[in-house]
Structures are given as structure tokens and as C-alpha cells.
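Peer 1: Residue 236 in our numbering sits at position 252 of the sequence shown, with consecutive numbering throughout. A virtual CB, placed ideally from N, CA and C, is assigned to each residue, including glycine. The following block contains the structure, expressed as C-alpha cells.
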Amino acid sequence: MPNFYDDNPDLRFNLDQAPLAEIARLREHEFAEAGQYPYAPRDAADAVENYHETLRIVGDIAGDFIAPRAEDVDREGAKWHDGVVTYAKGTSEALDRLSGADLMGFTLPRQYGGLYLPHTTYAAAIEMVSRGDAALMTLFGLGDIAETILRFASDELKDKYLPRFATGEATGAMVLTEPDAGSDLQAVRLKASPDPSDPNLWRLNGVKRFITNGCGDILLVLARSEEGTRDGRGLSLFLAEKGPGLRVRRIEDKLGIHGSPTCELQFTNCPAWLVGRRRFGLIKYTMDLMNGARLAIAAQSVGICEAAYREALAYAHSREQFGKAIIHFPALADLLIGMRLKLELARTLTIDCGVAVDFEKEYEARPADKALYKKWHGYASSLTPMAKYYASEAAVELSNSALAVLGGSGFMRDYPIERYLRDARITNIYEGTSQLQVVAILAGLLGGDLDSLFADFAARPYTGATARHLPAVAEALGLFNKAMDYVRQRAERDYTDLVARHLADMAIDVYSAFRLMQFGEVSESKAMLADLFVPAMSRRVRAAHDAATSGNRLVLDTYQTLLAQA
Ligand SMILES: Cc1cc2nc3c(=O)[nH]c(=O)nc-3n(C[C@H](O)[C@H](O)[C@H](O)COP(=O)(O)OP(=O)(O)OC[C@H]3O[C@@H](n4cnc5c(N)ncnc54)[C@H](O)[C@@H]3O)c2cc1C
-15 MPNFYDDNPD
-5 LRFNLDQAPL
5 AEIARLREHE
15 FAEAGQYPYA
25 PRDAADAVEN
35 YHETLRIVGD
45 IAGDFIAPRA
55 EDVDREGAKW
65 HDGVVTYAKG
75 TSEALDRLSG
85 ADLMGFTLPR
95 QYGGLYLPHT
105 TYAAAIEMVS
115 RGDAALMTLF
125 GLGDIAETIL
135 RFASDELKDK
145 YLPRFATGEA
155 TGAMVLTEPD
165 AGSDLQAVRL
175 KASPDPSDPN
185 LWRLNGVKRF
195 ITNGCGDILL
205 VLARSEEGTR
215 DGRGLSLFLA
225 EKGPGLRVRR
235 IEDKLGIHGS
245 PTCELQFTNC
255 PAWLVGRRRF
265 GLIKYTMDLM
275 NGARLAIAAQ
285 SVGICEAAYR
295 EALAYAHSRE
305 QFGKAIIHFP
315 ALADLLIGMR
325 LKLELARTLT
335 IDCGVAVDFE
345 KEYEARPADK
355 ALYKKWHGYA
365 SSLTPMAKYY
375 ASEAAVELSN
385 SALAVLGGSG
395 FMRDYPIERY
405 LRDARITNIY
415 EGTSQLQVVA
425 ILAGLLGGDL
435 DSLFADFAAR
445 PYTGATARHL
455 PAVAEALGLF
465 NKAMDYVRQR
475 AERDYTDLVA
485 RHLADMAIDV
495 YSAFRLMQFG
505 EVSESKAMLA
515 DLFVPAMSRR
525 VRAAHDAATS
535 GNRLVLDTYQ
545 TLLAQA
């Protein structure tokens, strides 16, 4: 099988366009760890070379080891027996291989045994692993659990648990959802009570459901620590270990990602340790954890898009009907070009989001750069739900389109497309459904998070063939700004919610048009894609503007009648 890094020029192109050397300079603090750790870089060039080399190793494992096992993993699935979960054979083998290559502590500091690589490169690694097997990503891409411990837990907890993540000896789980608390995590009820025998110890009691890898060794659990409270301010985050007091009651029988166990957990006086401060569990730590995980899901989605697009493209070249390869039928060429466009835009949004997260985290640690932190925090806050929303919707659409390209064969298990489609369908549900991503995007847009970015994009000079698109893209930006002003002035919560999706789609369309124009300056194929994208983008943005500013409240006024319970 090919190396998933070497065979993917667009992934490498996006990384080449990303300011990796600048990120390395910030991250490595004068490259002080060179000489202290074998893999620590000497300078920015050394660091960037190291990033590419590591991604090449991931690409090799993903293409050569993970992808060939994915079908068996899907058929075998994770198993549950009497409270014990067993991974499919291929899942265990792949985890061993990734651990053996020291890849499980991808972003963790070297002092804990990690590789200390940027989040941008982690997104690229997750994409490749997911292209091989989307289910495996839910075990490889759990780095944000360790990152949350790193950012908010005590030194004692960090020293005890982080090295276990880095070696791959331990896997984790983020334990948030309950039967009555899904999108609305403020409703979490699982109870945390202080243990009178030890001031540092807490006891957890209650049930959690739909927990990916809930059978893992180290769990971050959102629980109600403040008796009598009902909202998010009564919730704290706890670290619990697999062991007495924690039982996997069952695993779900589900549509896709069969290699990933989705567990129902029963906590009975389970010992746990507080992470960070009481009452900050949801409003700070879980939000941080989920933002990291959303970037990971965006990358997972891009991996599925890549796999589906490649399978469809190969089939369209080889399958003949009416005396010619089906790729020569205009309808199929149009479909496939649309797929390529979405795949590449999803990747750019995801890598850009990784860059924003890297800068956000680096500047956060530098009090002198408060303004830069604020800027990148705003970009990361908006680009994260934008990437998650766009890429996950693209994964569902592309795997469905790929199935269409294969015709009846796509419906059969002889080809991996039906698996991609089943696996893709989780990406726009977990870590917040698309509706919830739209809510988050809108909050950022209303707060002006991307205003300076769009202003910079519009003010920047454009050269080459794509420069001629500037008037159309500037017009689209103007329409987007007008629609935002309209919604702000109208200030009706239900109307804003009703048209939120139009506003989010406009923002992503305008952002993508600018990025394609920028990339088109240095890449002929991106310039061609810009030629295809911009006219369609203009039409969509005009329609979305008209819908958002129509003032049409018919859905709000009629749904209680039209959708009365049957
Ligand atoms: C395979 C799988 C793995 C998972 N892994 C984990 C995990 O590791 N850890 C964990 O804690 N959870 C996990 N989850 C849970 C997942 O995050 C939730 O399923 C998801 O957040 C949605 O919650 P829900 O299923 O309760 O749906 P609900 O919240 O009941 O939503 C139902 C519908 O209402 C919509 N809706 C709800 N609120 C709003 C709103 N304000 N505006 C507009 N629409 C809204 C939703 O978009 C959705 O369409 C997993 C779920 C699955 C299926």
C-alpha cells in the first residue's frame, strides 16, 4: 500500500503553506531542548524537517498497516463480555504499531515522553490514520484528553498519567454524555462527592452513555460536584481510572466505526481526582477539551473524504459503459470535481484551524503578547466549529457521492465505500452535532472573531490569474457583512437561530474563496478550482443573504400547527 503522506500532494501543499517554521520558533523557546532530548530540533528548519519526517512515518503506517486491516476491523468490531471490552484484532495490532513508533504522545511535551509536535501536524496525522481506518482515529486521536490533563491538572496528576499516554500504555476517554444530557451538557447529573477520608479524593456515582473507549484506562469525567445546582456552574471535571467502582455495562451496536467501542458506564463510588478548580468543569475545561476534539473530528472527516474521493476517482477511470470510461460523462466529471473541491476546502479549513490553535496556545503562554493571543483565540474559536461542521458534512456528502459513482457496486461490501459512508455519519454527530457547531460559529461571528481576518484578506493584494475573482469575492463579503448587520439589528433570538446556518455557510464560502485565491497564486490546480468555485460561491452567498435578510418567520409561526404531534 502507498505511503499516505507521500501520495498526497494536497496535504503536503497545505502544510507547506502553513507557517510551520514560525510555529516551531514559538513552540521551541530558543530551541532550548536541543541536546537534552534526542528528537528535539536545533532550529526552525530542523523542526520543520522533523515534522515532515514524522508525518511520513505516520503515512507509512496508515497506508501499509492500518488501511489493510480496516475491513476486518469493521466486520469483527469491538466486543463486550461480562464488563470487559476487547478491541478487534486489527485495532490492537495498529495501536501496538503506533505505540512502537512512539506516536501516541504526539503533542505532549518531551518531559512526559511525548514528541511535542504542533497541533497542525497532529491534524495531518489524524487525517492519514482516519483515511486508513476512521474507527482507529477515535483511539489515536484522543490526544486532547492528555492535553487537558497537561493544561489543567496538578503536577502530581500530570507526572503520574501523562507518561502512560505517551508510551501508548494507556488510552483515555472523555466522559460527558448522559441519557438526559447530550447536546445540553449543563444537564449532567452524575454525582461527585468528596471522600471524607482523603481531602484530594472524590467519589463518582451515576451513569454515562455513548462514551467512546469508555473501557480505556484514564477517564476525564464531567460530574456535578455542587449539590443543589442545576446549571453548568455546578459541574467539575474529574480524572478516574479503570478499576473498582467503574463498570462497562454494555457497548452499543451501531451503524459505523465498529472498531471503536461506544460504552455505557456505571460509576459506583468510583474514586476520582479533581482536575483544576471546582465549578470550571464545563465552562472551561470541557469546552477546551471539546474544541481540541472538534479539530480532531474535522481531520478524521477529511481522512474519510480523501479515502472516498480516491476510490471513486479510480473507479470512474476504470469502469466503462457505453464504450467509454464513465469519467468522460459530464455529469460524473462534474460530481467528481465537486468532490475534489470539497475535500480540498475541508482540508484547508482544518489545517488553518490547526495553525490558529497552535498560535493561540503559544501566545496564551506569553503574557506580553496579550493582543496576539486575543486575535488567535478568536480565530481558533471560530475556525474550530467551522472546520468541524464543514468537514464532517463533506465526509457524509462525499462518501455518499462516491457510492453514486460506483453505482450498484458501491452498495456492496466488496468495496469500502459503504463503510466510509457508515463511518462518516458519526462525524457530524459527536463532539457536538452540526446544529451545535452552527450555534458556536454564529456566536463567534456575532462577537466579531473573524472581522479582522476577513478585513486582512480583502485588503491584501492579489496577483496572478485568481486576482480577477477579487470583485466577486469582495461582493460576497459585503453581502455576508450586510446579513450579519441585519441579524444583529433585528436582535430576535429565534430568528437568529433560524437563519444561523445561512450565515455560517456564507462565512465558510467567503473564507474558502479567499483561501483558494491565495493558493491559486502559487498553484495552477488551485487556480482552476478557484475558477470553478467562485461563480457558484457567489450564487450561494446571494441566495443565503436573501434568506437571512428576508425577515421570513413562517417556520417559527407555523411549526406548532404543521408539526403537531401525529
Ligand atoms: C458513536 C458515538 C460516540 C460518542 N462518543 C462520545 C464520547 O466519547 N464522550 C461523550 O461524552 N459523548 C459521546 N457521544 C455522545 C455525542 O456527543 C452526543 O450523541 C451528541 O452530542 C448529541 O447528543 P444526543 O445524542 O443526546 O442528541 P440530542 O442532544 O438529544 O440532539 C437531538 C437533535 O436535536 C438537535 N439539537 C439539540 N440541541 C439543539 C440546539 N440548541 N439547537 C439546534 N439543534 C439542537 C441536535 O442537533 C440533534 O439533531 C458519542 C455518540 C456517539 C453516537
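Report buried or exposed for E377, applying the criterion of at least 16 other Cβ atoms within 10 angstroms of its Cβ.
Peer 2: Walking along the sequence shown from the start, residue 377 turns up at place 393. It is buried - the Cβ of E377 has at least 16 other Cβ atoms within 10 Å.
Peer 1: What span of residues does the alpha helix (DSSP H) with F503 cover, start to end?
Peer 2: Taking the sequence shown and counting its residues from 1, one reaches residue 503 at position 519. It spans 477 to 504 - the alpha helix (DSSP H) in which F503 sits, taken as one unbroken run.
Peer 1: Tell me whether T417, by its Cβ, gets closer than 8 Å to a heavy atom of ligand 1.
Peer 2: Locating residue 417 in the sequence shown gives position 433, counting from the first residue. The answer is yes for T417.
Peer 1: Could I get the ranges of all uninterrupted alpha helix (DSSP H) runs contained in the stretch 37 to 95, with 4 residues as the minimum, in chain order?
Peer 2: As far as the stretch 37 to 95 is concerned, its whole alpha helix (DSSP H) runs of at least 4 residues are 51 to 60, 73 to 84.
Peer 1: Using the rule of at least 16 other Cβ atoms within 10 Å of the residue's Cβ for burial, across every protein chain shown, is R397 buried or exposed?
Peer 2: As a working note, residue 397 is residue 413 in the sequence shown. That one is exposed.
Peer 1: In the structure shown, what three-state DSSP assignment does V205 receive?
Peer 2: Sequence index remark: in the sequence shown, residue 205 carries index 221 (1-based). Three-state result, V205: strand.
Peer 1: At what residues does the alpha helix (DSSP H) containing P147 begin and finish?
Peer 2: What you label residue 147 is simply residue 163 of the sequence shown in a count that begins at 1. First-last of the alpha helix (DSSP H) with P147: 139 to 151.
Peer 1: Identify the residues that DSSP records as bridge partners of K192: which are they?
Peer 2: Here residue 192 corresponds to residue number 208 of the sequence shown, with the count starting at 1. Paired residues: L249.
Peer 1: From the DSSP output, in three-state form, read off Q473 for me.
Peer 2: Counting from 1 along the sequence shown, the entry for residue 473 is found at position 489. Reduced to three states, the DSSP call for Q473 is helix.
Peer 1: Under the rule that 16 or more other beta-carbon atoms within 10 Å means buried, what is E290, buried or exposed?
Peer 2: Along the sequence shown, read from residue 1 onward, the residue named residue 290 stands at position 306. Label assigned to E290: buried.
Peer 1: Who pairs with M158 in a beta bridge, going by DSSP?
Peer 2: Here residue 158 refers to the residue found at position 174 when the sequence shown is read from its first residue. DSSP, once it has assigned bridges, lists L204 as partnering M158.
Peer 1: Just reading off the beta strand (DSSP E) that F222 is part of, what are its end residues?
Peer 2: Taking the first residue of the sequence shown as 1, we reach residue 222 at position 238. Taken as a continuous stretch (DSSP letters only), the beta strand (DSSP E) holding F222 covers 219 to 225.
Peer 1: In three-state terms, what does DSSP make of E211?
Peer 2: Along the sequence shown, one-based indexing puts residue 211 at 227. Of the three classes helix, strand and coil, the one that applies to E211 here is coil, per DSSP.
Peer 1: Roughly how many angstroms separate the alpha carbons of A207 and N(-2), rounded to a whole number?
Peer 2: Counted from its first residue, the sequence shown places residue 207 at position 223. Counted from its first residue, the sequence shown places residue -2 at position 14. Each residue's alpha carbon lies about 40 Å from the other.
Peer 1: In whole angstroms, give me the CA-to-CA distance for V57 and R(-4).
Peer 2: In the sequence shown, residue 57 corresponds to position 73, counting from 1. In the sequence shown, residue -4 corresponds to position 12, counting from 1. Using only the alpha carbons, I get a separation of about 29 Å.
Peer 1: Just to confirm before moving on: does the CB-CB distance between T104 and G432 stay below 9 Å?
Peer 2: Working through the sequence shown from its first residue, we reach residue 104 at position 120. Working through the sequence shown from its first residue, we reach residue 432 at position 448. Cβ atoms of T104 and G432: not closer than 9 Å.
Peer 1: Tell me whether L279 sits in a helix, a strand or coil according to DSSP, three-state version.
Peer 2: Taking the first residue of the sequence shown as 1, we reach residue 279 at position 295. DSSP places L279 in helix when its eight states are reduced to three.
Peer 1: By how many angstroms is the C-alpha of L134 removed from the C-alpha of S365?
Peer 2: Taking the sequence shown and counting its residues from 1, the one referred to as residue 365 is at position 381. Taking the sequence shown and counting its residues from 1, the one referred to as residue 134 is at position 150. Cα to Cα, the separation comes out at about 20 Å.
Peer 1: Answer with buried or exposed for K73, where buried requires no fewer than 16 other C-beta atoms within 10 angstroms of its C-beta.
Peer 2: Residue numbering aside, residue 73 sits at position 89 when the sequence shown is read from its first letter. Result: exposed.
Peer 1: Candidates M521, R81, I281: which alpha carbon is nearest R551's?
Peer 2: There is no way to answer for residue 551, as the model of the chain reaches only from -15 to 550.
Peer 1: Is DSSP giving E14 helix, strand or coil here?
Peer 2: Walking along the sequence shown from the start, residue 14 turns up at place 30. Coil.
Peer 1: Can you name, in chain order, every residue of its own chain whose Cβ lies under 7 Å from the Cβ of L146, other than the five neighbours on each side?
Peer 2: For the purposes of this step, residue 146 is identified with residue 162 of the sequence shown, where counting begins at 1. So the qualifying residues of the chain are L92, Y96, A130, I133, L134.
Peer 1: DSSP three-state call for Q549: helix, strand or coil?
Peer 2: Your numbering for residue 549 matches position 565 in the sequence shown. It is coil, neither helix nor strand.
Peer 1: State the start and end residues of the unbroken alpha helix (DSSP H) segment that holds L356.
Peer 2: Position 372 of the sequence shown, counted from the first residue, corresponds to residue 356. 354 to 389 is the extent of the alpha helix (DSSP H) around L356.
Peer 1: Please confirm whether any heavy atom of ligand 1 lies closer than 8 Å to the CB of F194.
Peer 2: By 1-based counting over the sequence shown, the position of residue 194 is 210. Yes - ligand 1 has a heavy atom lying nearer than 8 Å to the Cβ of F194.
Peer 1: Given K510, which residues of its chain have a CB within under 7 Å of its CB, disregarding the five upstream and five downstream residues?
Peer 2: Counted from its first residue, the sequence shown places residue 510 at position 526. Cβ neighbours of K510 beyond the five flanking positions: L500, F503, G504.
Peer 1: Give me the Cβ distance between I401 and A298, rounded to the nearest whole Å; I'm assuming they're in contact under 8 Å.
Peer 2: As a working note, residue 401 is residue 417 in the sequence shown. As a working note, residue 298 is residue 314 in the sequence shown. Their Cβ separation, rounded to whole angstroms, is 11 Å, which puts I401 and A298 out of contact at 8 Å.
Peer 1: Within 8 Å: the Cβ of N197 and any heavy atom of ligand 1?
Peer 2: Reading the sequence shown from its first residue, position 213 is the one you call residue 197. Yes; taking the cut-off as 8 Å, the Cβ of N197 has a heavy atom of ligand 1 nearer than that.
Peer 1: Could you please give the first and the last residue of the uninterrupted beta strand (DSSP E) stretch that includes I235?
Peer 2: Residue 235 sits at position 251 when you count from the first residue of the sequence shown. Element bounds for I235: 230 to 235.
Peer 1: Taking 8 Å as the cut-off, is the beta-carbon of S244 closer than that to any non-hydrogen atom of ligand 1?
Peer 2: Counting from 1 along the sequence shown, the entry for residue 244 is found at position 260. True, at least one ligand heavy atom lies under 8 Å from that Cβ.
Peer 1: Does the Cβ of V191 have 16 or more other Cβ atoms within 10 Å, making it buried, or fewer, making it exposed?
Peer 2: Residue 191 sits at position 207 when you count from the first residue of the sequence shown. With fewer than 16 other Cβ atoms within 10 Å, it is exposed.
Peer 1: Shorter than 8 Å, the distance from the beta carbon of M121 to the closest heavy atom of ligand 1, or not?
Peer 2: Taking the sequence shown and counting its residues from 1, one reaches residue 121 at position 137. Because no heavy atom of ligand 1 lies under 8 Å away, the Cβ of M121 does not count as near it: no.
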